[in-house]
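What follows is one structure encoded as structure tokens, with my remarks underneath.
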Amino acid sequence: MSVYQPDMSLKAKIKRRITPFMARRVLKPRLERPIVSFSFDDCPKSVIENAIIPFEQEKWRATIYIAMGLCETENHLGLHMNQGDVKALHEGGHEIGDHTFDHIDAAQHIASEFMANINKNQSTLNALGLPPSQTFAYPYGQVTAELKLKLASKFIGSRGIRSRESKDDIDLNQIRANRLYAGQDFDTLIEQINHMGGKPGWLPIFTHDVRENPSPYGCTPQQMMKVIDAVKSSGAEVLTMADAIKKMELTHEAN
Ligand SMILES: [Zn+2]
37 MSVYQPDMSL
47 KAKIKRRITP
57 FMARRVLKPR
67 LERPIVSFSF
77 DDCPKSVIEN
87 AIIPFEQEKW
97 RATIYIAMGL
107 CETENHLGLH
117 MNQGDVKALH
127 EGGHEIGDHT
137 FDHIDAAQHI
147 ASEFMANINK
157 NQSTLNALGL
167 PPSQTFAYPY
177 GQVTAELKLK
187 LASKFIGSRG
197 IRSRESKDDI
207 DLNQIRANRL
217 YAGQDFDTLI
227 EQINHMGGKP
237 GWLPIFTHDV
247 RENPSPYGCT
257 PQQMMKVIDA
267 VKSSGAEVLT
277 MADAIKKMEL
287 THEAN
């Protein structure tokens with residue numbers, strides 16, 4: 037199965053280094069207690085049994101960045117959720133965020149096409165009885181300065197895939213987030229969670245499939261349990277991406 041890769045040319049790589057410094061919407065939260073937000077992208081069905089069910093036992097809620105065009109399809113991440121799964125997650129109090137309908141690469145489409153694909157995702161969710169999504173995640177983490185500005189008027193925050201330290205300032209137009217992948221970053225993530233108490237900040241985490249023998253973009257159920265335990269011991273509050281942003285905006289205004 038071939039897996040789509042974004043443009044790896046030097047020009048594209050330079051652009052990816054520069055865009056985080058453009059069209060920023062900076063938030064400097066002042067928190068008394070650290071916040072962790074979990075997000076799941078695309079979204080594989082294995083997430084329900086191996087992440088959502090254990091989360092609900094802790095009374096935690098997650099953010100699902102859904103590309104509705106992937107519903108019931110199968111790829112390197114396994115089988116994806118169906119429309120009923122998405123509706124049930126919303127009814128269970130989880131946040132359904134936008135991830136475009138067809139999971140498209142922002143660098144390969146003009147802005148109007150990209151926005152139309154987001155609108156298609158939103159009308160599909162609307163037809164299921166869901167409210168408009170409050171946050172967005174860029175497929176492949178691909179983003180342009182033009183889109184950062186356009187999405188700022190549509191979503192309270194848009195998430196990328198570049199990692200961050202929990203105490204860093206936040207660019208709401210390209211929120212940095214940390215990978216929960218089975219490979220080498222796993223121990224780094226656990227360490228970050230363990231050290232959250234020092235200066236309370238926000239640690240957004242993202243992954244894809246959660247299953248035995250996961251893709252390189254996912255993790256095992258055992259690793260998910262290890263992260264849940266680490267978050268519990270850290271004393272952090274677990275909020276959806278939208279709830280975390282709203283809470284931090286209140287502390288920002290109080291500065
Ligand atoms: Zn994705």
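Under the numbering used here, the first residue of the sequence shown carries the number 37, and numbering increases by one thereafter.
Just so you know, even glycine gets a beta-carbon here, dropped at the ideal spot from N, CA and C.
What you are looking at is a predicted structure, and each value in this text was computed from that prediction instead of being measured.
Within the present structure, is the beta-carbon of D78 separated from the nearest heavy atom of ligand 1 by less than 7 Å?
Indeed, a heavy atom of ligand 1 lies less than 7 Å from the Cβ.
Give me, in chain order, the residues of the same chain whose beta-carbon lies closer than 6 Å to that of G214; leave out the 5 immediate sequence neighbours on both sides.
Sequence inspection shows Asn at residue 214; the Gly mentioned does not correspond to that position. The residues are S199, L225, I241.
Using the beta-carbon count (16 or more within 10 Å), is G237 buried or exposed?
Buried, since its Cβ has 16 or more Cβ neighbours within 10 Å.
So, at 7 Å on beta carbons, what are the nonlocal neighbours of I154 in its own chain, with the 5 sequence-adjacent residues on each side left out?
Only D134, T136 meet the Cβ criterion.
Taking only heavy atoms of ligand 1 into account, decide whether any of them is closer than 7 Å to the Cβ of H135.
Yes - ligand 1 has a heavy atom lying nearer than 7 Å to the Cβ of H135.
Figure out for me which residue from E149, H126, G234, Q220 has the closest Cα to the Cα of L164.
Nearest C-alpha to L164: H126.
Please name the residue, chosen from P70, A124, V62, that lies closest to S269 on a Cα-to-Cα basis.
Here the closest residue by C-alpha is P70.
Counting pairs of Cβ atoms below 8 Å between the segment 104-124 and the segment 56-66, do you hit three or more?
Judged by Cβ distances under 8 Å, the segment 104-124 makes no contact with the segment 56-66, as fewer than three pairs qualify.
Rounded to the nearest angstrom, what separates M44 and K282 at their Cα positions?
Distance between the alpha carbons of M44 and K282 is about 35 Å.
Quick check: the segment 269-280 against the segment 92-100, are there 3 or more CB pairs under 8 Å?
Touching, yes.
What did DSSP end up calling P257 once you bin it into helix, strand or coil?
Three-state result, P257: helix.
Is P250 buried or exposed, if buried means 16 or more other CB atoms sit within 10 Å of its CB?
P250 comes out buried.
So what does G133 bridge to, in DSSP terms?
Answer by DSSP bridge pairing, in chain order: Y101.
Can you check whether the CB of S169 is closer than 8 Å to the CB of I132?
Cβ atoms of I132 and S169: closer than 8 Å.
Could you give the distance in angstroms between the alpha-carbon of I192 and the alpha-carbon of T171?
Spanning the two alpha carbons is a distance of roughly 6 Å.
Below 8 Å on the Cβ atoms is my guess for A98 versus F76; work out the distance and round it to an integer in Å.
Indeed, because the Cβ distance is near 6 Å, the residues count as touching under 8 Å.
Rounded to whole angstroms, how far is the Cβ of A59 from the Cβ of K184, which I believe are closer than 8 Å?
Going by Cβ atoms, the distance from A59 to K184 rounds to 4 Å, so yes, they are a contact pair.
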